[in-house]
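Residue numbers (this note's numbering), protein chains in the order written: chain Z, 5 to 320; chain C, 6 to 426.
Heads up, the beta-carbon is just placed ideally off N, CA and C, and yes, glycines get one too.
One structure is given below, encoded as structure tokens.
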Amino acid sequence: MLEQLAISTLNGLIYGMLLFMLASGLTLIFGMMGVLNLAHAAMYMLGAYLGYQISKTLGFWPALFLAPIALGIGGALLERYGLRTVHPHGHIAELLFTFGVAFIIQEAVQMIWGRIGVPYRIPAELDFPLFRLFDTPYPAYRIFLLVIAVAIFVGLFAVLSRTRIGLIIRAALTNPGMVGMLGHDVPRVFMLVFGAGAGLAGLAGVIGGPIFVTSPSMAGTLGAILFTVVVIGGLGSVPGALVASLLIGLVQTFAVVLDVSLSDLLNVMGVNILRGGIFDDIRHTTVAQIAPILPYLMLLIMLVVRPRGFFGSRDV
Amino acid sequence: MISTALRGRSGAIVWILAIGLALLLPEFIPSKAALTKMCLIGIAIIFALSYNVLLGQTGLLSFGHAVYFGVSGFAAIHIINLIGRLQLPIPVFLVPLMAGVVGAVFGLLFGALSTKRHGTAFAMISLAIAELVAASSLILETFFGGESGVTTDRSLGPSFLGIDLVSQSQVYYLIVGWGVVSAGGMYAFTRTPLGRLALAVRDNPERAEFIGYSTRMIRLLAFIVSSFFAGIAGGLAAINYEIMTAANLATAASGTVLIMTYIGGVGYFYGPIIGAIVISLIQLSLSDVTPAWLLYLGILFIVTVLFSPTGIAGLLERHLPPLRAGLFHRLIPSYLLSGAAGLVFCAGAVALLEMNYHVTLNAHEGPLLRLFWLTVDTTQPMAWVLAMLTGVVGFFLFRKTWPYVANAWSDVDMRLRESKP
Chain Z
5 MLEQLAISTL NGLIYGMLLF MLASGLTLIF GMMGVLNLAH AAMYMLGAYL GYQISKTLGF
65 WPALFLAPIA LGIGGALLER YGLRTVHPHG HIAELLFTFG VAFIIQEAVQ MIWGRIGVPY
125 RIPAELDFPL FRLFDTPYPA YRIFLLVIAV AIFVGLFAVL SRTRIGLIIR AALTNPGMVG
185 MLGHDVPRVF MLVFGAGAGL AGLAGVIGGP IFVTSPSMAG TLGAILFTVV VIGGLGSVPG
245 ALVASLLIGL VQTFAVVLDV SLSDLLNVMG VNILRGGIFD DIRHTTVAQI APILPYLMLL
305 IMLVVRPRGF FGSRDV
Chain C
6 MISTALRGRS GAIVWILAIG LALLLPEFIP SKAALTKMCL IGIAIIFALS YNVLLGQTGL
66 LSFGHAVYFG VSGFAAIHII NLIGRLQLPI PVFLVPLMAG VVGAVFGLLF GALSTKRHGT
126 AFAMISLAIA ELVAASSLIL ETFFGGESGV TTDRSLGPSF LGIDLVSQSQ VYYLIVGWGV
186 VSAGGMYAFT RTPLGRLALA VRDNPERAEF IGYSTRMIRL LAFIVSSFFA GIAGGLAAIN
246 YEIMTAANLA TAASGTVLIM TYIGGVGYFY GPIIGAIVIS LIQLSLSDVT PAWLLYLGIL
306 FIVTVLFSPT GIAGLLERHL PPLRAGLFHR LIPSYLLSGA AGLVFCAGAV ALLEMNYHVT
366 LNAHEGPLLR LFWLTVDTTQ PMAWVLAMLT GVVGFFLFRK TWPYVANAWS DVDMRLRESK
426 P
């Protein structure tokens with residue numbers, strides 16, 4: 005029991021940190037530009053595929069740098085030549101644009117790498133058990149992912165709170181118009197942040213790909229979970245994204261191992277209600293089965309109870 | 006929603022002609038396959054029109070509209086099965102109405118959660134609800150039937166005035182009938198005070214609040230109306246296919262209706278009708294020819310967002326004044342020139358994409374690919390170079406010739422202004 009608890013906690017933390025690498029970029033872009041980048045998860049997928057492709061020829065370590073850089077440049081260009089064109093038409097047009105980009109990336113990935121997944125494996129240098137947790141060997145690669153994600157968080161936090169560009173970004177989060185009036189090139193900052201967000205998504209893809217299967221379906225569900233993270237954490241708030249990512253990572257990981265259902269609970273309490281038809285489905289559904297819908301339930305509850313999220317300064 | 010072309014007497018004539026065409030089409034094209042396709046298009050038209058009540062009229066971008074279509078479809082399947090089991094005296098052709106009510110109830114439920122907000126937040130919540138329902142559909146097996154879905158037999162119900170829905174052509178006329186009723190209903194909705202207020206809420210929610218209306222209530226009511234008509238479409242789909250699966254309410258289905266409506270043109274009432282017809286035809290004809298058709302659809306969508314946000318209907322409306330003033334011939338030469346260059350570019354791009362798809366997906370078929378009327382050997386580097394060259398030259402020519410189109414238009418616009426007093 006204790007062993008399972010410890011392993012699930014660690015796994016949940018790692019999944020949560022991966023979510024954070026994606027959600028931090030998403031929430032910064034959203035907070036500054038008001039643009040919800042629907043293609044963010046697709047960029048994560050593209051990062052995984054690029055990582056796979058590059059590591060096939062050059063090895064994993066060059067891929068770790070090249071794929072995020074490629075995606076960062078791609079993201080910046082997308083902002084400069086795509087988003088900026090539709091910006092005058094309002095947020096709906098921007099959303100539609102990123103929706104179209106996600107659609108095209110999805111199809112392009114299938115065109116280039118096929119409709120089934122690719123065998124993107126953990127690099128040999130990191131493919132060993134690092135330590136034993138009780139009796140279970142724990143893979144080194146997962147710890148490597150955790151270290152990178154923590155480093156990203158520290159780096160992001162340092163840039164945002166200690167540097168001049170971070171100051172401008174934070175100012176632009178609250179009042180982009182005024183920052184522009186003060187003589188800063190806000191569109192350029194937007195482009196940089198968008199590129200950095202895309203790069204982070206790419207990095208998450210490169211290191212997440214070998215653990216979470218690299219296939220064309222990897223973007224679909226993750227995208228919606230990311231949006232729930234951003235809303236639950238509070239729009240534009242990086243600490244909020246961290247808390248919400250870890251929360252959802254832990255909840256989902258723990259839910260998967262909980263094999264109890266409502267009927268078990270009712271039996272323990274000795275209550276005999278909810279019989280027949282659709283109620284049987286509800287009673288016999290285990291917590292593990294509803295794991296995929298828990299984030300959305302949390303989002304709906306959050307919207308009713310506290311629409312601004314944990315750390316948000318304004319309502320959604 | 007501005008509808009300049011289809012208004013007044015000439016508008017009424019166009020609508021009557023369209024309905025007449027829909028009724029007579031099976032006479033002109035008597036093939037069975039064509040009839041199946043027309044049923045599919047008819048359902049898509051109702052669904053897209055209902056989506057535009059949200060997007061075009063109320064300014065709400067939803068990524069989960071298929072939820073209301075799908076859930077109502079599932080409900081319709083169960084209703085028909087119930088009619089059959091209990092021998093109820095309810096004709097099956099009324100089931101879409103009940104499915105619409107189911108859609109409206111779910112619209113009230115989920116709309117209450119999401120219509121407090123608009124814009125991006127609304128879009129996000131709609132996506133979360135869509136994922137929630139899609140994931141639940143695999144859990145609640147009694148209602149949704151799990152992976153395999155639920156099935157029915159539309160001829161289970163009582164025959165009423167000879168309508169037993171056994172033949173596909175009866176289903177087609179049923180779809181046309183409900184389509185006319187739904188389109189009429191939604192058009193009437195745009196003329197009601199509530200429909201007008203929805204426009205106000207779309208354009209300036211703050212001012213709508215200031216003149217004393219609850220924007221939330223207006224959004225919610227529009228949401229319910231939209232879900233009701235989506236439910237009618239779902240009920241018709243249940244009758245037509247006699248099966249509903251989780252794919253019918255998945256986010257991909259919501260994406261398709263969004264693409265249809267937007268490419269058709271959200272600013273015009275008839276835009277979604279054009280979009281549903283065009284996209285369905287693309288889907289039906291291209292999906293047999295090329296595995297890349299979804300990619301082409303995505304590119305078409307992005308191009309629409311970037312360069313023609315008013316959609317196909319917007320393009321049509323733009324060309325009406327020159328047509329009426331007899332100035333259209335001034336545009337033709339530049340269109341031919343630029344269009345030819347655009348075709349060269351498209352040919353190159355399509356060749357590249359198709360060759361790529363062929364190499365990755367159909368490698369087992371050998372290196373030869375039938376492209377248009379040519380057979381291309383994908384192992385020859387020359388083929389790739391030629392395709393790339395065609396694309397680049399075409400793009401360059403298109404960039405060079407586009408100014409002619411712009412010039413022709415500014416000339417036409419000037420003449421139009423002069424002719425008006």
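Counting contacts by CB-CB distance shorter than 8 Å, is M115 (chain Z) in contact with chain C? On the first sequence, residue 115 (chain Z) is found 111 positions in, with the first residue counted as 1. So yes, M115 (chain Z) belongs to the interface.
Suppose you measure from the CA of V322 (chain Z) to the CA of F315 (chain Z); what does that come to, to the nearest Å? Lying outside 5 to 320, the shown extent of chain Z, residue 322 (chain Z) is not represented and no answer is given.
What did DSSP end up calling F165 (chain C) once you bin it into helix, strand or coil? In the second sequence, the residue the question calls residue 165 (chain C) occupies position 160. Strand, per DSSP.
Where does the unbroken alpha helix (DSSP H) through R312 (chain Z) begin, and where does it stop? Reading the first sequence from its first residue, position 308 is the one you call residue 312 (chain Z). Premise fails: R312 (chain Z) is in no alpha helix (DSSP H) and is neither H nor E.
Within 8 Å, do at least three Cβ pairs link the segment 292-308 of chain C to the segment 352-363 of chain C? yes
Which residues bound the beta strand (DSSP E) around R166 (chain Z)? As a working mapping, residue 166 (chain Z) is identified with position 162 in the first sequence. Note, R166 (chain Z): premise wrong, no beta strand (DSSP E); alpha helix (DSSP H) at A144 to R166.
Cβ of Y300 (chain Z) less than 8 Å from any chain C Cβ? Within the first sequence, the letter at position 296 stands for residue 300 (chain Z). True, the Cβ-Cβ gap to chain C drops below 8 Å.
Quick one: does I296 (chain Z) have its CB under 8 Å from some CB of chain C? Within the first sequence, the letter at position 292 stands for residue 296 (chain Z). Before going further, note that residue 296 (chain Z) is Pro rather than Ile in the sequence given. P296 (chain Z) counts as touching chain C.
Under 8 Å, do Y56 (chain C) and S164 (chain C) count as touching if we go by C-beta distance? For the purposes of this step, residue 56 (chain C) is taken as residue 51 along the second sequence, with counting starting at 1. For the purposes of this step, residue 164 (chain C) is taken as residue 159 along the second sequence, with counting starting at 1. No; because the gap between Cβ atoms is not below 8 Å, this pair is not in contact.
Where do the ends of the beta strand (DSSP E) carrying T380 (chain C) lie? Locating residue 380 (chain C) in the second sequence gives position 375, counting from the first residue. Here the beta strand (DSSP E) through T380 (chain C) covers L379 to D382.
Other residues of its chain near Y56 (chain Z): CB distance less than 7 Å, five sequence neighbours each side excluded: Translated into the one-based positions of the first sequence, residue 56 (chain Z) becomes position 52. So the qualifying residues of the chain are V122, Y124, G213 and T218.
List, in chain order, every chain Z residue whose beta-carbon is nearer than 8 Å to that of V72 (chain C). Taking the second sequence and counting its residues from 1, the one referred to as residue 72 (chain C) is at position 67. Under the 8 Å cutoff, chain Z gives no residues; its nearest Cβ is about 12 Å from V72 (chain C).
Counting Cβ pairs closer than 8 Å, one from the segment 334-346 of chain C and one from the segment 395-408 of chain C, do we hit at least three? yes
Neighbourhood of T4 (chain Z) by C-beta distance below 8 Å, restricted to the same chain and skipping five residues each side: Outside the displayed span of chain Z (5 to 320) sits residue 4 (chain Z), for which this structure offers no information.
Across the segment 57-75 of chain Z and the segment 202-216 of chain Z, are there enough close Cβ pairs to call them in contact, namely three or more that are closer than 8 Å? yes
Check the Cβ-Cβ distances between G253 (chain Z) and every residue of chain C, and say whether any is below 8 Å. Here residue 253 (chain Z) refers to the residue found at position 249 of the first sequence. Judged by the 8 Å Cβ criterion, G253 (chain Z) is not in contact with chain C.
According to DSSP, what are the bridge partners of S265 (chain Z)? In the first sequence, the residue the question calls residue 265 (chain Z) occupies position 261. In DSSP, S265 (chain Z) forms a bridge with Z:T290.
In whole angstroms, what is the alpha-carbon distance linking A411 (chain C) and F401 (chain C)? Residue numbering aside, residue 411 (chain C) sits at position 406 when the second sequence is read from its first letter. Residue numbering aside, residue 401 (chain C) sits at position 396 when the second sequence is read from its first letter. If you take the alpha carbons of A411 (chain C) and F401 (chain C), they lie about 16 Å apart.
Measuring only the C-alpha atoms, how far is L305 (chain C) from F107 (chain Z)? The sequence position of residue 305 (chain C) within the second sequence is 300, counting from 1. The sequence position of residue 107 (chain Z) within the first sequence is 103, counting from 1. Whole-angstrom Cα-Cα distance: 11 Å.
Determine the chain C residues that contact Q256 (chain Z) at a beta-carbon separation under 9 Å, and present them in chain order. The residue given as residue 256 (chain Z) occupies position 252 in the first sequence. Correct list: empty, because the minimum Cβ distance to chain C is about 12 Å.
Distance, Cα to Cα, Y300 (chain Z) vs T147 (chain C)? As a working note, residue 300 (chain Z) is residue 296 in the first sequence. As a working note, residue 147 (chain C) is residue 142 in the second sequence. Whole-angstrom Cα-Cα distance: 22 Å.
Which of helix, strand or coil DSSP assigns to F135 (chain Z): On the first sequence, residue 135 (chain Z) is found 131 positions in, with the first residue counted as 1. Strand.
Could you tell me whether any Cβ in chain D is nearer than 8 Å to the Cβ of A27 (chain C)? Of the protein chains in the structure, Z and C, none is chain D.
Can you give me the start and stop residues for the alpha helix (DSSP H) that I126 (chain Z) sits inside? Numbered from its first residue, the first sequence carries residue 126 (chain Z) at position 122. Segment: none, I126 (chain Z) is in no alpha helix (DSSP H) and carries neither H nor E.
Residues of the segment 247-280 of chain C with a CB closer than 9 Å to any CB of chain Z: list them in chain order, please. T256, A257, G260, L263, I264 and Y267
Roughly how many angstroms lie between the CA atoms of A139 (chain C) and G51 (chain Z), to the nearest whole one? Within the second sequence, residue 139 (chain C) is the residue found at index 134, counting from 1. Within the first sequence, residue 51 (chain Z) is the residue found at index 47, counting from 1. A139 (chain C) and G51 (chain Z): Cα-Cα distance of roughly 27 Å.
Is the CB-CB distance between G240 (chain Z) and A27 (chain Z) below 8 Å? Against the first sequence, residue 240 (chain Z) aligns to sequence position 236. Against the first sequence, residue 27 (chain Z) aligns to sequence position 23. Against a cut-off of 8 Å, the Cβ pair of A27 (chain Z) and G240 (chain Z) comes out as no contact.
The segment 128-147 of chain C: positions lying closer than 7 Å to chain Z by Cβ: A128, M129, I130, L132, A133, E136, L137, A140, S141, I144, L145, E146 and T147
Exposed unless 16 or more other CB atoms sit within 10 angstroms - verdict on S415 (chain C): Within the second sequence, numbered from 1, the residue matching residue 415 (chain C) stands at position 410. So S415 (chain C) counts as exposed.
At a Cβ threshold of 8 Å, is V122 (chain Z) touching chain C? Residue numbering aside, residue 122 (chain Z) sits at position 118 when the first sequence is read from its first letter. No, V122 (chain Z) lies away from the interface with chain C (no Cβ there is under 8 Å from its Cβ).
Under 9 Å, CB to CB, which of the residues in the segment 229-246 of chain Z have a partner in chain C? I229, F231, T232, V234, V235 and L239
What residue range does the alpha helix (DSSP H) around P314 (chain C) cover? Position 309 of the second sequence, counting from 1, holds the residue named residue 314 (chain C). That residue, P314 (chain C), is in no alpha helix (DSSP H); it is neither H nor E in DSSP.
Can you pull the chain Z residues whose beta carbon is under 9 Å from the beta carbon of G124 (chain C), in chain order? Here the question's residue 124 (chain C) lines up with position 119 in the second sequence. Simply G38, G94, H95, I96 and L99.
Which residues in the same chain have their Cβ closer than 6 Å to the Cβ of S130 (chain C), if we skip the five residues on either side of it in sequence? Walking along the second sequence from the start, residue 130 (chain C) turns up at place 125. The sequence given here has Ile at residue 130 (chain C), not Ser. Cβ neighbours of I130 (chain C) beyond the five flanking positions: S119.
Are the beta-carbon atoms of A227 (chain C) and A188 (chain C) separated by less than 8 Å? Here residue 227 (chain C) is taken as the residue at index 222 of the second sequence, counted from 1. Here residue 188 (chain C) is taken as the residue at index 183 of the second sequence, counted from 1. Taking 8 Å as the Cβ cut-off, A227 (chain C) and A188 (chain C) do not qualify as a contacting pair.
A292 (chain Z) at chain C interface by Cβ criterion, 8 Å: Start at 1 with the first residue of the first sequence, and residue 292 (chain Z) comes out as number 288. Not an interface residue.
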